[in-house]
Amino acid sequence: MEISLIRHGKSQQTENSRITSQEIQGWVKKYDTSGVFKVDHYPEGTSEKVAEANLLVTSHLKRSIESANLLHQQMKVFSDPLFREVELPVFPWNWRVKIRPNSWAIILRCLWYCGYAKECESLAEARKRAKQAAIQLVNYAEEYHSVVLVGHGFFNRLVAEELKKMGWKGNRKSSTRHWEYTTYSFST
Numbered sequence: 010m011e012i013s014l015i016r017h018g019k020s021q022q023t024e025n026s027r028i029t030s031q032e033i034q035g036w037v038k039k040y041d042t043s044g045v046f047k048v049d050h051y052p053e054g055t056s057e058k059v060a061e062a063n064l065l066v067t068s069h070l071k072r073s074i075e076s077a078n079l080l081h082q083q084m085k086v087f088s089d090p091l092f093r094e095v096e097l098p099v100f101p102w103n104w105r106v107k108i109r110p111n112s113w114a115i116i117l118r119c120l121w122y123c124g125y126a127k128e129c130e131s132l133a134e135a136r137k138r139a140k141q142a143a144i145q146l147v148n149y150a151e152e153y154h155s156v157v158l159v160g161h162g163f164f165n166r167l168v169a170e171e172l173k174k175m176g177w178k179g180n181r182k183s184s185t186r187h188w189e190y191t192t193y194s195f196s197t
């Protein structure tokens with residue numbers, strides 16, 4: 010049995026102007042509702058991995074669904090919010106400082122790792138959800154043998170940690186690059 014985790018394609022939300030702490034939530038909403046850029050070539054092995062899969066699973070977010078459809082247009086995609094990305098917390102102060110969205114994301118993700126989770130799930134809650142997601146993927150693998158999840162960078166990492174705890178073998182850490190995959194296998 011095998012489970013492959015693929016990070017979605019690069020988002021069409023490319024707006025990179027400096028924004029305030031109050032504007033980052035709007036930027037994130039645009040990111041969550043944007044599609045992805047088509048590419049001419051996927052990383053080596055990604056297309057083959059999807060073509061060999063018996064089940065293709067995504068989160069309910071547009072960038073995940075659209076990426077799966079680009080990777081395999083004929084295969085039915087099963088979408089579930091269980092596999093969504095880990096949200097960013099709302100910034101605790103009203104700073105008028107303007108910085109780029111990627112910098113805000115780093116700051117907010119660091120705060121989140123330190124335990125700050127205003128208006129989003131905590132790290133502990135995200136790990137609990139990742140465990141549920143890993144169990145669901147294992148159930149799918151038992152039925153379909155080969156499963157691909159087209160998901161998200163941070164959540165795929167958490168799912169990979171859970172799969173390894175359950176005895177699945179694969180890379181030390183899940184790839185976070187767009188379109189790249191990491192495969193975990195289990196021999197009975």
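Start counting the sequence shown at 10; every next residue gets the next number (the numbering used here).
For glycine and all other residues, C-beta sits at the position ideal for the given N, C-alpha and C.
Check whether the region 144-162 touches the region 118-130, taking contact to mean three or more Cβ pairs, one atom from each stretch, closer than 8 Å.
no
Run through the DSSP bridge pairs and tell me what S20 is partnered with.
V45
How many angstroms separate the CA atom of V99 from the CA atom of Q31?
8 Å
Hey, would you say the C-beta of L158 is under 8 Å away from at least one heavy atom of the ligand ATP?
Absence of the ligand ATP is noted for the structure shown, with no ligands found whatsoever.
7 Å CB neighbourhood of K71 in its chain, flanking five on each side removed
T42, S43, G44
By the 10 Å Cβ neighbour count, where 16 or more other Cβ atoms means buried, how is V156 classified, buried or exposed?
buried
Can you tell me the Cα-Cα spacing of G18 and R93, whole angstroms?
15 Å
Quick one: using the 10 Å Cβ neighbour count with 16 as the cut-off for buried, is P101 buried or exposed?
exposed
S76 and W188: beta carbons closer than 9 Å?
yes
Going along the chain, which residues of its own chain have a beta-carbon closer than 6 Å to the beta-carbon of G162, five neighbours each way excluded?
R16, T185
Can the beta-carbon of E96 be found less than 9 Å from the beta-carbon of R136?
no
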